[in-house]
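Let me begin by presenting the structure, written as structure tokens, before commenting on it.
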Amino acid sequence: AENTSGVRLRLETASTKLFLGFLPLPMSEPAAGRAGFHFDLTIDGALIHSACVEPGGTEAQFGDLPAGDKIVEIWLSQEIPVALTRLEGDEPGRPVADDRPRWVTYGSSLTHCVRAHSPARTWPAIVARRRGLHLTSLGFGGQCHLDAMVGRVIAGLPADLITLKLGINTVGGTLAARTYPAAVVALVQIIRDQHPDTPIALVSPIGYPPHETEPNAVGYTIGGMRRDMEDVYERLTGLGDTNLIYVNGLEVFDLDLIAKHTEDQCHPDGDGIEIQADNFDQAVMERLLNR
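If you want this note's numbering, it's the 1-based position in the sequence shown plus 12.
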């Protein structure tokens with residue numbers, strides 16, 4: 013959670029140069045063997061500049077920005093924790109309100125996207141920029157276990173859309189066929205206490221060859237999770253939740269894509285993450301936004 017996936021600074025400025033200072037970056041290898049850590053600058057959702065900073069660096073520079081007033085977002089690196097020290101430009105800047113529809117998404121490292129080419133190119137960031145949404149990305153590497161406290165956090169956030177991409181971490185054995193469906197129901201109901209009518213998407217796991225059909229330590233499979241999540245969806249909608257949808261994770265990233273774009277049969281590479289963004293946008297967001 014300390015890594016800043018989806019976290020950004022938003023300001024209005026006429027600056028053509030911006031300098032973002034931070035405490036020294038960790039003297040460790042960047043994710044996925046890249047040359048350095050990345051920070052992005054977007055204007056009106058378009059990626060304008062990506063800055064690569066070496067380990068030990070303390071400043072990201074963004075130059076040659078368009079002249080005149082503009083709303084700028086600086087996306088902090090999704091690869092590492094970042095403690096900011098300053099933001100400077102050649103013209104004054106001021107915070108600006110964000111009145112875009114708010115989208116909250118919850119998931120695992122597959123949502124955090126440490127292997128994305130840069131922070132504005134995680135799949136949630138790509139979808140949010142494309143759709144003009146205010147993103148809150150709750151992607152917790154190894155820690156998406158449908159915790160009630162996370163449900164309470166989501167319930168307490170302002171949200172116009174909520175997506176829950178659940179299951180890949182629990183295949184380690186934290187939930188079984190008896191407890192996984194109940195945990196999905198509980199998570200949705202906790203969120204519904206504060207968001208009774210907000211559109212919610214339940215998204216089951218993407219392709220994961222090791223446990224598609226091979227039972228894990230508690231006798232559960234990814235295929236079983238998908239069937240059980242769809243059953244939860246059918247039961248909840250049957251009880252009157254008309255603002256809930258279900259999407260099979262294989263529509264987002266199937267086994268063929270896993271074979272082409274992962275080294276560990278789990279985490280897509282940068283190019284795969286961008287494919288995932290396109291598929292998620294069509295399979296999930298298109299349905300949520302056009303209900």
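We put the beta carbon where it would ideally sit given N, CA and C, even for glycine.
Alpha carbons only, please: which of V197, L21, G185, P113 is nearest the one belonging to G33?
The residue with the shortest Cα to Cα distance from G33 is L21.
What is the DSSP secondary structure of V230, reduced to helix, strand or coil?
coil
One question on the structure: do R239 and G261 come within less than 8 Å of each other, judged by their Cβ atoms?
no
To the nearest angstrom, how far is the alpha carbon of T210 from that of A171?
7 Å
Taking 7 Å as the limit between beta carbons, can you name the residues of its chain near P193, skipping five residues before and five after?
D240, D243, V244
Looking at the structure shown, is F51 part of a helix, part of a strand, or coil, going by DSSP?
DSSP, read as helix, strand or coil, puts F51 in strand.
By the DSSP assignment, the alpha helix (DSSP H) with S121 in it spans what residues?
121–124
K177 bridges to which residues according to DSSP?
In DSSP, K177 forms a bridge with V215.
What did DSSP end up calling F292 once you bin it into helix, strand or coil?
helix
From which residue to which residue does the alpha helix (DSSP H) around Y192 run?
192–206
Note down, in chain order, each residue of its chain lying with its Cβ closer than 7 Å to the Cβ of M39, except the 5 sequence neighbours on either side.
P67, G68
Could you check how far apart the C-beta atoms of S62 and S130 are, in whole angstroms? I think they sit under 8 Å.
5 Å
Could you check which residue in K272, R114, C64, V126 has the C-alpha nearest to that of G219?
The residue with the shortest Cα to Cα distance from G219 is K272.
So, with DSSP's three-state summary, where would you put R239?
helix
Within a Cβ cutoff of 8 Å, which residues of the same chain sit near D205, ignoring the five residues on either side of it in sequence?
A167
For the putative contact between I180 and P217, defined by C-beta atoms under 8 Å, what is the C-beta separation to the nearest angstrom?
5 Å
Do the stretch 127–143 and the stretch 77–97 touch if we need at least three Cβ pairs shorter than 8 Å?
Judged by Cβ distances under 8 Å, the stretch 127–143 makes contact with the stretch 77–97, as three or more pairs qualify.
Classify L77 as helix, strand or coil using the three-state DSSP reduction.
coil
Figure out for me which residue from G144, V197, I138 has the closest Cα to the Cα of L158.
Of the candidates G144, V197, I138, V197 places its Cα closest to the Cα of L158.
Excluding five sequence neighbours on each side, which residues of the same chain lie with their C-beta closer than 6 Å to the C-beta of L176?
Y118, L214
Could you tell me the distance, in whole angstroms, from the CA atom of D253 to the CA atom of Q201?
10 Å
Which one of T249, H124, F292, G231 has the shortest CA to CA distance from G18?
H124
Considering only C-alpha positions, which residue in the set F265, L267, N255 is nearest to L300?
N255
Cα separation between L269 and G284?
7 Å
Please report how far the alpha carbon of T191 lies from the alpha carbon of I60, in whole angstroms.
46 Å
Can you give, in chain order, each stretch of the alpha helix (DSSP H) that sits fully within the stretch 129–166 and has at least 4 residues?
135–143
When you compare only the Cα positions, how much space is there between Y232 and L248?
When rounded, the separation of the alpha-carbon atoms in Y232 and L248 is 22 Å.
Starting from G101, follow its DSSP beta bridges and name the residues at the other end.
L30
Which residues in the same chain have their Cβ closer than 6 Å to the Cβ of A229, if we skip the five residues on either side of it in sequence?
G185
Among L178, L173, R112, V165, whose alpha-carbon lies nearest the alpha-carbon of H146?
R112
What three-state label does DSSP hand L88 in the structure shown?
coil
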